[in-house]
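First residue of the sequence shown: 296, per our numbering; consecutive thereafter. Structure record follows, encoded as structure tokens.
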Amino acid sequence: MPEKHIAVIPARMGSKSIKDKNLLEINGKSLVRVAVEKAMEARIFTRILVTSDYPRYKLGIEDVYGDSYTKIEFFRRPEDLATDDAKMIDVLKQVLGNAKGPEEWVWLLQPTSPFRDIHDFKMIHEAISTGKWESVISFKPVEDNTNRIYSVKNAQAYRYKNSNYDNKQKLRTEVTRSGNFYVTRRKYILEHSSIENKPFYTYMMGNIDVEKATDMDKKYSRMLGINIDSEDHWTIAKNHLRRGDIRG
296 MPEKHIAVIP
306 ARMGSKSIKD
316 KNLLEINGKS
326 LVRVAVEKAM
336 EARIFTRILV
346 TSDYPRYKLG
356 IEDVYGDSYT
366 KIEFFRRPED
376 LATDDAKMID
386 VLKQVLGNAK
396 GPEEWVWLLQ
406 PTSPFRDIHD
416 FKMIHEAIST
426 GKWESVISFK
436 PVEDNTNRIY
446 SVKNAQAYRY
456 KNSNYDNKQK
466 LRTEVTRSGN
476 FYVTRRKYIL
486 EHSSIENKPF
496 YTYMMGNIDV
506 EKATDMDKKY
516 SRMLGINIDS
526 EDHWTIAKNH
536 LRRGDIRG
């Protein structure tokens, strides 16, 4: 029997970096609604769980109830899990504890990393179906290599890596988590408080081969992997949409 999948979409009310960031709109839809609709379109999930301390009507999904394939459920997030210090793993454990069911795989879809397309879902689902992986995490290339980065203490700069100053062409591309996808088995979340379980599949946004990708490929992957966590990030995301660099 094929393993079943569930999506969790978290939307905390409080945000110091950018006010009501989960309610920002792309093409007239809140980031929460964008995540919900894209998850429904993927046709992978038996349920989509939205967990928030906002009332449901504030999230822009009051008229979205799922369909014959995917059910949407709303869970009110407790106050102690809606603070700046609350950990996402605890949020996941709380909502999954209240949403018992047969789903083996849990997909965390953060609204503030909104640029996902159906191809992403398909490729990740195919990777899981091979049976080789216990988790999937999405990544994007970083623009600055750590060979070029310093830390500063007492006005003195210290090289982050003790390495030679190689030309850019010789540096290995480095990546960072993008926030678009975190996928793992339910048991690891509930029993081990972990969403990064080995062996995990490294999914590069845009489905690029980061070791062979061109600079343009890497730039596009970074666009898709933007995490809207500040006014600057939101401005960049809107500019990408306005120019047609990426689709909403």
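Note that CB positions come from ideal geometry on N, CA and C, so glycine has one too.
Practice prompt. Use the C-beta contact count for Asp-504: other C-beta atoms within 10 angstroms, 16 or more gives buried, fewer gives exposed.
Written response: Start at 1 with the first residue of the sequence shown, and residue 504 comes out as number 209. Exposed, since its Cβ has fewer than 16 Cβ neighbours within 10 Å.
Discussion item. Looking at Ile-384: is its Cβ nearer than 9 Å to the Cβ of Ser-489?
Written reply: Position 89 of the sequence shown, counting from 1, holds the residue named residue 384. Position 194 of the sequence shown, counting from 1, holds the residue named residue 489. Yes, they are a contact pair.
Discussion item. Assuming Phe-416 is part of the alpha helix (DSSP H), what are its boundary residues?
Written reply: Counting from 1 along the sequence shown, the entry for residue 416 is found at position 121. Start and end: 413 to 424.
Fill in: Buried versus exposed call for Arg-542 [16 or more other C-beta atoms within 10 Å across all chains shown]
For the purposes of this step, residue 542 is taken as the residue at position 247 of the sequence shown. By the neighbour-count rule (16 or more Cβ atoms within 10 Å), Arg-542 is not buried but exposed.
Worksheet item: Considering Val-386, what are the terminal residues of the alpha helix (DSSP H) in which it resides?
Response: The count along the sequence shown starts at 1 and reaches residue 386 at position 91. Its alpha helix (DSSP H) spans residues 383 to 393.
Discussion item. Quick test of the definition: if touching needs 3 or more C-beta pairs under 8 Å, does the stretch 519 to 536 touch the stretch 306 to 318?
Written reply: yes
Discussion item. Am I right that Gln-389 and Pro-373 are in contact with their C-beta atoms under 8 Å? What's the rounded C-beta distance?
Written reply: For the purposes of this step, residue 389 is taken as the residue at position 94 of the sequence shown. For the purposes of this step, residue 373 is taken as the residue at position 78 of the sequence shown. Gln-389 to Pro-373, Cβ: 7 Å. Contact.
Discussion item. Can you tell me whether Tyr-352 is helix, strand or coil according to DSSP?
Written reply: Translated into the one-based positions of the sequence shown, residue 352 becomes position 57. Helix, per DSSP.
Worksheet item: Taking the alpha-carbon positions, what's the Asp-380 to Leu-387 distance?
Response: Your numbering for residue 380 matches position 85 in the sequence shown. Your numbering for residue 387 matches position 92 in the sequence shown. Near 15 Å, if we compare the C-alpha coordinates of Leu-387 and Asp-380.
Worksheet item: Given Tyr-477, which residues of its chain have a CB within under 7 Å of its CB, disregarding the five upstream and five downstream residues?
Response: Along the sequence shown, read from residue 1 onward, the residue named residue 477 stands at position 182. If we look at Tyr-477 and ignore the five residues flanking it on each side, its Cβ neighbours are Leu-403, Ile-432, Ile-490.
Item to complete: Using three-state DSSP, classify Glu-374 as helix, strand or coil.
Response: Residue mapping note: residue 374 aligns to position 79 of the sequence shown, counting from 1. In the structure shown, Glu-374 sits in a helix (DSSP, three-state: H, G or I).
Practice prompt. Assess, as a yes-or-no matter, whether the stretch 512 to 521 is touched by the stretch 434 to 448 under the definition of 3 or more beta carbon pairs within less than 8 Å.
Written response: yes
Item to complete: Measuring alpha carbon to alpha carbon, tell me which of Phe-369, Thr-468, Gly-392 ends up nearest Leu-354.
Response: Along the sequence shown, one-based indexing puts residue 354 at 59. Among Phe-369, Thr-468, Gly-392, the Cα nearest to that of Leu-354 is on Phe-369.
Item to complete: Give me the Cα-Cα distance between Gly-501 and Thr-471, rounded to the nearest whole angstrom.
Response: One-based indexing of the sequence shown puts residue 501 at position 206. One-based indexing of the sequence shown puts residue 471 at position 176. Gly-501 and Thr-471: Cα-Cα distance of roughly 14 Å.
Discussion item. Could you compute how far the alpha carbon of Met-335 sits from the alpha carbon of Thr-341?
Written reply: Counted from its first residue, the sequence shown places residue 335 at position 40. Counted from its first residue, the sequence shown places residue 341 at position 46. About 9 Å.
Worksheet item: Looking at the unbroken beta strand (DSSP E) that takes in Met-335, where does it start and where does it end?
Response: As a first step, residue 335 is located in the sequence shown; it is residue number 40 there, counting from the start. Taken as a continuous stretch (DSSP letters only), Met-335 belongs to no beta strand (DSSP E), being part of the alpha helix (DSSP H) at 326 to 337.
Worksheet item: Taking DSSP as the reference, what is the three-state secondary structure of Glu-368?
Response: Taking the first residue of the sequence shown as 1, we reach residue 368 at position 73. Glu-368 falls in the strand class under three-state DSSP.
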